[in-house]
Structures are given as C-alpha cells and as structure tokens.
Amino acid sequence: MTDRHPLWLDLTGRLVVVVGGGPVAARRATRLVEDGARVLVVAPAICEDLRELVDDARVQWVPRDYLTTDLDGAWLAHTATGDRAVDDEVAADAERSRLWCVRADDASVSPAWTPAVARSGDVAVAVTAGGDPRRAAALRSAIALLLDTGALPVRRHRAGAGHVTLVGGGPGDPGLITTRGRRALAEADVVVVDRLAPRALLAELDPAVEVIEAGKSPHAHTLTQTQINAVLVERARAGLRVVRLKGGDPFVLGRGGEELAACLEAGVTVEVVPGVTSAIAVPGAAGIPVTHRGVSRQVMILSAHDAAPDWETLARLDGTLVLLMGVAQLAGHAAALVAHGRDPQTPVAVVENGTLPGQRTTRGTLATIAEVALARGVGHPAVVVVGDVAALADVLAPVR
C-alpha cells in the first residue's frame, strides 16, 4: 500500500455523511465534529454515543435506510453499517459522484482511509500501517507518548508570539515531572531554572536553548524575584517561549503567583503547569502519609523562612506540620513548638533529597531531633515533618 497519497483536509463547515448507527460510526462522527465538519448521520437506529451527539445538536440524524440522494452536497462520506451490501452501495454511489468514501468494513477496497492520529498541542501525526488498524493505533499511541514527554524534537523553528510557561518540576526525581511540563521544556527557547528544580532535565534541552540560573539557595539568590519577573517578561516580549522551571509546584511556597501577576500585568501570555509539591511527595516517598486515617486528618505547610510564624496556633495543630527549607532553623522551631505547648515527644522526621538516589530519613522527637540531625550531618534540601504520622516511616518506608 505504498501507492497512496497522504492529505490533510479542512472540513470546517463542510458536509460529511456518515452511514451507519453503531459504535464505529459514532467514533467517526465524533472525530469529524471535533474537526469542524457538518455531520449528517443516516441510519434506522443509532447507538447511545450517537444519540448524545444528536441530542446536543452536534450532528443531524436521518432515521431511515440509506438513499443515494443522501450524498448530495457532501464533500466526504463514511460508511460503517456492518452490512456489506449497503457499504458497497454507498461506496459505488460515492465513486459515481467523484466523492471520497471511507469504508470501515474492508480497507482493501476502500478508496480512502482515516489514519490513527497522534495529537499534542499544535502537532498532529497521522499513522497508517498497511490496512491494519490495531497496528496503526499501537504506533499512534507510542508516538503520542513521545510527543507528550518531549522525547521528539517539537521546538518551533518559525517565529511566533512569545509566552511564559510556569512549570512545576516536581519533588526532585526528573521522572516525576508531568508530561505537560516535559513537553513545555522540549518546546522552550529559554529556561529560567531554580536550584531545586529537577536539573537532570536540563541535559535533555536543545543546545540552542538559553538556560538562565535563578539560583534561590536559602538567603543567596542569583537573581532577585524582581529580576526574575523582568527576565520572563523581556524574553517573552522578544517572541521567545520561556519556561520558568521550579521545584515542586509553582504555587506552593514557590512565588509562582508573583510571576504570573507580573506577566499578566505586562500583557504576556502565561500558562501554568502544576507540579507535584515536595511538601506531600517527599514525605510520601519516605513512607510518611501526611494524612492517615486515625492519625492525622489535616496538614499545614509552612515555609521555614517565615520570620514570625504563629507558634501558638501551630503548637495546637491537631494534625501534621510540614516545614519546607527548615533544616537551618530546626532547633529553634522544635523549641518554639514545645514552648507553646506541643508535646516534646511528638515524632519528627527530616527527609533529605526526597525521591532522589541519596534520599535519607532522620527520625526523632521535638525534644531530640535537633541533636540527632546535627550528629547525622543533615543538610539541604530537606523536608521536615512534625506529627504522629512521622513515626509511620518506621513501618511504611518503601524499599529503595
């Protein structure tokens, strides 16, 4: 089947006739509607999926057997009746009218085919496989996965409007970024990256991509937040696709809201790609569910950089307290919680390098954790978990 000509059709507003009322016809009709066609279904009875399209006024249904005149004014026909004689009749009528007809029953005699299509953003790849629809579908799915994960080169090489994508990179392991985030990186012209973002992903970037280090070590930023905002706006206004790559989720103590506001104020188009926050994922990777039936029903997430937390409220919390960036203040925070009424025997766990090969958990109580952490040389990055769930790490920690 090499003597076939691939072709994309713009069906917007054009009449396409679908003969048949079963599931195959429903799938064809649904795809045609999504592609903008004006769809006429001809069948004595229709399945539930087609009924929904009819009820929503997305397709027109003629409830009777097929007539030759049904093809009048059509640009394309699909026949999927399951009745060979009817499909032959539709195909013959279409041939006489010089109308392309796609037969669902027998690809070997069909003059036209609908390929399996992988779509990702503005990229579409059509796949045929010698008339074998299952083989084509399998190839389509494999290609779609590669497109979605950025494994194929999808960067545009034509100038377009610049925009910013705020991407949450997840808790550390590069495999935990979303497929949407990975695709954004594959399309980027510029990547503005934090220290705690999954930096292994930078090795996958096209060599032409500009990488800007935002830094953001505790109390030591390569760029200030104001400078970061300015870079995002400046590069986007220059027509570039800018990805702001952060660790965790952009909107969980990541100042993503400030960057979003700065871009919107400057008239720059912004997309937000959520990420898996380290406040939840890192404890989970260490076998610590931040909520657990009969143990904790609520969780509070706090930046340890908060200069004046409400220790009285935090000490009364009947649940789990998660402290981000809290290693340097560990002794002071533990003492403050105890001073405001929290039981000094409350379990505490500090998880370093969560989800990464060097992950390590240090356990203790509010009374002992500072001393234990110092003795073990606990350092950044780490997530501190305070509450009874921290003791579950002894039981639920997965084998690594």
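Under our numbering, the residue at position 177 of the sequence shown is numbered 337, and the numbers go up by one with no gaps. Don't be surprised by glycine CBs; every beta carbon is placed ideally from N, CA and C. From a predicted model like this one, the values you see are computed outputs, not experimental measurements.
query: In the structure shown, what three-state DSSP assignment does valine 369 receive?; result: coil
query: Taking 8 angstroms as the cut-off, does the region 461-472 touch the region 489-497 (at least 3 CB pairs, one atom from each stretch)?; result: yes
query: Which residues in the same chain as valine 135 place their Cβ atom closer than 6 angstroms to its Cβ, once the five residues preceding and following it in sequence are excluded?; result: With the chain covering 161 to 560 only, the question about residue 135 has no answer from this structure.
query: Touching or not, the region 292-308 and the region 321-335, by the rule of three or more beta carbon pairs under 8 angstroms?; result: no
query: In or out: valine 602 buried (at least 16 other Cβ within 10 Å) or exposed?; result: This structure gives no information on residue 602, because the portion of the chain shown stretches from 161 to 560.
query: Is leucine 413 helix, strand or coil by DSSP?; result: coil
query: Write down the C-beta distance between alanine 509 and isoleucine 448 rounded to the nearest angstrom, noting that I regard them as a contact closer than 8 angstroms.; result: 6 angstroms
query: Which same chain residues end up closer than 6 angstroms to valine 219 when comparing Cβ atoms and leaving out the 5 residues on each side of it in sequence?; result: Ala189, Val199, Val201, Leu213
query: If you follow the beta strand (DSSP E) that glycine 332 is in, where does it begin and where does it stop?; result: From DSSP, glycine 332 is part of no beta strand (DSSP E); its letter is neither H nor E.
query: When burial is assigned at 16 or more other CB atoms within 10 Å of the CB, is tryptophan 221 buried or exposed?; result: buried
query: Along the chain, where does the alpha helix (DSSP H) containing valine 214 start, and where does it finish?; result: 208-215
query: Once you ignore the five residues that flank leucine 362 on each side, which residues in its own chain have a CB closer than 8 angstroms to its CB?; result: Val351, Val353, Val371
query: Among Leu227, His165, Val262, which has the Cα closest to the Cα of valine 184?; result: Val262
query: What does a CB cutoff of less than 7 angstroms around valine 538 pick up in its chain, not counting 5 residues either side in sequence?; result: Val487, Val510, Glu512, Thr522
query: Hey, quick one: how far does the beta strand (DSSP E) through threonine 339 stretch, first residue to last?; result: Counting along the chain, threonine 339 falls outside any beta strand (DSSP E), though it belongs to the alpha helix (DSSP H) covering 339-347.
query: State the Cα-Cα distance for the pair leucine 365 and alanine 421, rounded to the nearest angstrom.; result: 27 angstroms
query: Throw me the rounded Cβ distance for the arginine 224 and valine 327 pair, which I believe falls under 8 angstroms.; result: 53 angstroms between Cβ atoms; not a contact.
query: Going by beta-carbon coordinates alone, are leucine 552 and histidine 452 separated by less than 8 angstroms?; result: yes
query: Please report how far the alpha carbon of threonine 568 lies from the alpha carbon of alanine 234, in whole angstroms.; result: Here the chain comprises residues numbered 161 to 560, so residue 568 is not present and cannot be evaluated.
query: I'd like the span of the alpha helix (DSSP H) that includes isoleucine 448, first residue to last.; result: Careful: isoleucine 448 lies outside any alpha helix (DSSP H) and carries neither H nor E.
query: For tryptophan 471, which three-state DSSP category applies?; result: helix
query: Skipping 5 residues on each side, what residues in its chain have a beta carbon closer than 8 angstroms to that of alanine 533?; result: Val487, Leu490, Val510, Thr522, Gly524
query: I'd like the list of long-range same chain contacts for glutamine 385, defined as Cβ closer than 7 angstroms, with 5 residues on each side in sequence excluded.; result: Arg415, Glu418
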